[in-house]
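Taken in sequence, the protein lines are chains R and Y. Count the first sequence with this note's numbering and you get residues 1 to 133, in order. Count the second sequence with this note's numbering and you get residues 1 to 199, in order. Where is the CB? At the ideal position from N, CA and C, for every residue including glycine. Predicted model only: the values in this text are computed from it and were never measured. See below for the structure under consideration.
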Amino acid sequence: MDVDAGRVVKGVKFVQIKDAGNPVELAEEYNRQGVDELVFLDITASSDKRDTMIDVVKNVAKKVFIPFTVGGGIRSVEDMRKILNAGADKISMNTAAVETPELIEKGAEKFGSQCIVVAVVNIDGQGWHQARI
Amino acid sequence: MIAIIDYGAGNLKSVTNALDFLRVSYKVTDKAEDIKKSDKIIFPGVGSFGDCINSLKKKGIFETLKKEISNKPYLGICLGLQVLFEESEESSGIKGLSIFKGKCKKFKNKNLKVPQIGWNSIKIIKKNNLLKDVKDDSYFYFVHSYYVGPKDKGIIATKTNYGIEYCSGITKDNIFAFQFHPERSGEIGLKILKNFVEL
Numbered sequence: 001m002d003v004d005a006g007r008v009v010k011g012v013k014f015v016q017i018k019d020a021g022n023p024v025e026l027a028e029e030y031n032r033q034g035v036d037e038l039v040f041l042d043i044t045a046s047s048d049k050r051d052t053m054i055d056v057v058k059n060v061a062k063k064v065f066i067p068f069t070v071g072g073g074i075r076s077v078e079d080m081r082k083i084l085n086a087g088a089d090k091i092s093m094n095t096a097a098v099e100t101p102e103l104i105e106k107g108a109e110k111f112g113s114q115c116i117v118v119a120v121v122n123i124d125g126q127g128w129h130q131a132r133i
Numbered sequence: 001m002i003a004i005i006d007y008g009a010g011n012l013k014s015v016t017n018a019l020d021f022l023r024v025s026y027k028v029t030d031k032a033e034d035i036k037k038s039d040k041i042i043f044p045g046v047g048s049f050g051d052c053i054n055s056l057k058k059k060g061i062f063e064t065l066k067k068e069i070s071n072k073p074y075l076g077i078c079l080g081l082q083v084l085f086e087e088s089e090e091s092s093g094i095k096g097l098s099i100f101k102g103k104c105k106k107f108k109n110k111n112l113k114v115p116q117i118g119w120n121s122i123k124i125i126k127k128n129n130l131l132k133d134v135k136d137d138s139y140f141y142f143v144h145s146y147y148v149g150p151k152d153k154g155i156i157a158t159k160t161n162y163g164i165e166y167c168s169g170i171t172k173d174n175i176f177a178f179q180f181h182p183e184r185s186g187e188i189g190l191k192i193l194k195n196f197v198e199l
């Protein structure tokens, strides 16, 4: 689920973004339908709204008891700590994994390799590519 | 009151959130007094075997825990299962709570990722009150690199296959412990926690 300023949104190829609902309610619904895990990607553009994501994570963790991953805007070990302490199981990195690859190792050392995920996005539209981490 | 053992290493939030959801009162503690006074103990271990044991000793609750585990219902989760044994390949030379004889071993299959992270099923070997209404082959969420090898096979409650078939749950008298995370295993996991609360 892509989350923008505390709401789930859905776009087509990253544009024409539409509101898709409340993240906590949707998490509960997907959980009820029997999904194995949930992933939330914070696509909030402005950094002052980042704390909204922490509240989303806290509220999801109170109601949903399956593993979930949170990504988007992770730039430091401290960012990771905030998300994990709020109740997420794993941290996902994308831009940060490219710009500051050492953050992958730092996070794995601090919180364990089980909770660090690297997300790979293929945006050139040329079909499947193999990614090695 | 349920005492949740906090030895300072990990995030206990998922366990306390699950108990809040079940409307159960508990106390997160690292004090011997609280552990003695409690009716039940939950030990949701995270981190490494050696760090955990050393921390329990530093906080002065190693002996208390060892004694109290035999007196009241105990639920060990993940490392909370492993510390019940004598030692672990993870931290050689460090003695565990040694409630049971045996050693924790590391997964060695080169074709499988270690740690095991994800959903896997259990075979019920010995039914107990915590596994009430839990069916054979139910799926639970696992995150671990080490598994327990009990000397007394009679305590094995569940087995799981990850390259090898290993012991994923034990039970003896008032002691229940699982390698998987009931607090992360959806409805069926909450069922186990509820069964423990209702003992």
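Mind pulling the alpha helix (DSSP H) runs of 4 or more residues that sit fully within the region 41–66 of chain Y? Runs of the alpha helix (DSSP H) inside the region 41–66 of chain Y: 49–58.
I believe Y/GLY45 touches Y/LEU79 by the beta-carbon criterion, under 8 angstroms. Please report the beta-carbon distance rounded to the nearest angstrom. The count along the second sequence starts at 1 and reaches residue 45 of chain Y at position 45. The count along the second sequence starts at 1 and reaches residue 79 of chain Y at position 79. About 2 angstroms separates the two Cβ atoms, so the contact holds.
Distance cut-off 6 angstroms: Y/ASN111 Cβ against heavy atoms of the ligand GTP: Ligands displayed in this structure: none; no statement on the ligand GTP is therefore possible.
Bridge partners of Y/GLN116, per DSSP? Along the second sequence, read from residue 1 onward, the residue named residue 116 of chain Y stands at position 116. Y/HIS144, per the DSSP bridge assignment.
Just to confirm before moving on: does the CB-CB distance between R/VAL117 and R/THR69 stay below 7 angstroms? In the first sequence, counting from the first residue as 1, residue 117 of chain R sits at position 117. In the first sequence, counting from the first residue as 1, residue 69 of chain R sits at position 69. Result yes, Cβ atoms of R/VAL117 and R/THR69 sit closer than 7 angstroms.
Taking Y/THR29 as the reference, give the member of Y/LYS135, Y/LYS37 and Y/LYS127 with the closest Cα. As a working note, residue 29 of chain Y is residue 29 in the second sequence. Nearest of Y/LYS135, Y/LYS37 and Y/LYS127 to Y/THR29, Cα basis: Y/LYS37.
Which value, in whole angstroms, describes the spacing of the CA atoms of Y/VAL148 and Y/LYS106? The residue given as residue 148 of chain Y occupies position 148 in the second sequence. The residue given as residue 106 of chain Y occupies position 106 in the second sequence. In a straight line, the C-alpha of Y/VAL148 is about 9 angstroms away from that of Y/LYS106.
With respect to the beta strand (DSSP E) encompassing R/PHE68, which residues constitute its N-terminal and C-terminal limits? Within the first sequence, residue 68 of chain R is the residue found at index 68, counting from 1. R/PHE68 -> beta strand (DSSP E) spans 68–71.
Report the neighbours of R/GLY87 on chain Y: residues whose CB is nearer than 7 angstroms to its CB, in chain order. To locate residue 87 of chain R, count along the first sequence from 1; it is residue 87. What R/GLY87 touches in chain Y: LYS13, SER14 and ASN17.
R/GLY107 lies in the beta strand (DSSP E); which residues open and close that run? Walking along the first sequence from the start, residue 107 of chain R turns up at place 107. Bounds of any beta strand (DSSP E) do not take in R/GLY107; it lies within the alpha helix (DSSP H) bounded by 102–111.
Just by C-beta distance, which residues in the region 25–51 of chain R are closer than 7 angstroms to chain Y? Within the region 25–51 of chain R, the residues whose Cβ lies closer than 7 angstroms to some Cβ of chain Y are ASN31 and ASP36, listed in chain order.
Sorted by chain position, which residues of the same chain lie with C-beta nearer than 6 angstroms to R/ARG132's C-beta, five sequence neighbours on each side aside? In the first sequence, the residue the question calls residue 132 of chain R occupies position 132. In this predicted model, R/ARG132 has a pLDDT of only 48, less than 50, meaning its place in the structure is not dependable enough to derive any value.
Is it right to say Y/LEU97 is buried, meaning 16 or more other beta carbons lie within 10 angstroms of its own, or is it exposed? On the second sequence, residue 97 of chain Y is found 97 positions in, with the first residue counted as 1. Y/LEU97 is buried by the Cβ-count criterion.
C-beta atoms of Y/LEU56 and Y/PHE62 nearer than 7 angstroms: As a working note, residue 56 of chain Y is residue 56 in the second sequence. As a working note, residue 62 of chain Y is residue 62 in the second sequence. Yes, the Cβ-Cβ distance between Y/LEU56 and Y/PHE62 is below 7 angstroms.
So, does the region 64–83 of chain Y touch the region 173–183 of chain Y, judging by three or more C-beta pairs under 8 angstroms? yes
For the alpha helix (DSSP H) holding Y/GLY80, just list the boundary residues, first then last. For the purposes of this step, residue 80 of chain Y is taken as residue 80 along the second sequence, with counting starting at 1. 79–82 is the extent of the alpha helix (DSSP H) around Y/GLY80.
Closest Cα partner of Y/GLY93 within the set Y/ASP51, Y/LYS159, Y/GLY189 and Y/PHE43: Translated into the one-based positions of the second sequence, residue 93 of chain Y becomes position 93. Ranking the options by Cα distance to Y/GLY93, first place goes to Y/ASP51.
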